[in-house]
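Some notes on the structure that comes next.
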Amino acid sequence: CFIPNNFFRRIYEHSIVGLDNESMLLFGGVISGNWQTGIWQLKNDQWNKIGELATSASRGSAFYSGRSIYYFRFVSIQRINLNAKEELEKVELIGDPPKSSSYPVLFATTPDYCV
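Going by my numbering, the letters in the sequence shown line up with residues 148 to 262, in that order.
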């Protein structure tokens, strides 16, 4: 996959998640005013495009739990499933957030947690 030299200097409003295998995933973002769908992985000092989000995305937040990454942006929620080697398996649109907001704050809780 061809990556322009200035790609990572031009992209903004993206989200990043670190994985247990010491790699990092970058989701979406904006380049020249255009929302992006790319899922990029930084592993062993090398960037590779490994997939696409279900919809373009920027100004979102990501949460890694189990073998899934939940990506919340102001108009959609996507789940990115990984296999045991933390390789991309599936991306799916799973819903809409209850409220539209940029960079929502996400918390890990136990299944029986009650507010």
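C-beta: ideal position from N, C-alpha, C; glycine also. If you're wondering where the values come from, they're calculated on a predicted model, not measured in any experiment.
Quiz item: Does the beta-carbon of Arg157 have 16 or more other beta-carbons within 10 angstroms, so that it is buried, or is it exposed?
Solution: The sequence position of residue 157 within the sequence shown is 10, counting from 1. Looking at its Cβ environment, which holds fewer than 16 other Cβ atoms inside 10 Å, Arg157 is exposed.
Quiz prompt | Contact belief for Ala201 with Glu239 at Cβ below 8 Å, rounded distance in angstroms | solution = Taking the sequence shown and counting its residues from 1, the one referred to as residue 201 is at position 54. Taking the sequence shown and counting its residues from 1, the one referred to as residue 239 is at position 92. Going by Cβ atoms, the distance from Ala201 to Glu239 rounds to 6 Å, so yes, they are a contact pair.
Exercise. Could you check which residue in Leu172, Gln193 and Asn191 has the C-alpha nearest to that of Thr184?
Key: For the purposes of this step, residue 184 is taken as the residue at position 37 of the sequence shown. Closest by alpha carbon: Leu172.
Quiz item: Per DSSP, which one or two residues make a beta bridge with Val177?
Solution: Counting from 1 along the sequence shown, the entry for residue 177 is found at position 30. Looking at the DSSP assignment, Val177 forms a beta bridge with Tyr159 and Trp182.
Exercise. Starting from Ser223, follow its DSSP beta bridges and name the residues at the other end.
Key: Locating residue 223 in the sequence shown gives position 76, counting from the first residue. The partner list for Ser223 (beta bridge, DSSP) reads Arg220.
Exercise. Please work out which residues of its chain come closer than 8 Å, Cβ to Cβ, to Asn230, disregarding the five sequence neighbours upstream and downstream, and give them in chain order.
Key: Here the question's residue 230 lines up with position 83 in the sequence shown. If we look at Asn230 and ignore the five residues flanking it on each side, its Cβ neighbours are Arg214 and Glu236.
Quiz item: In three-state DSSP terms, what is Lys196?
Solution: Counting from one through the sequence shown, the residue named residue 196 turns up at place 49. Strand, per DSSP.
Practice problem: Would you list the one or two residues that DSSP bridges to Gly242? | Solution: As a first step, residue 242 is located in the sequence shown; it is residue number 95 there, counting from the start. Looking at the DSSP assignment, Gly242 forms a beta bridge with Ile224.
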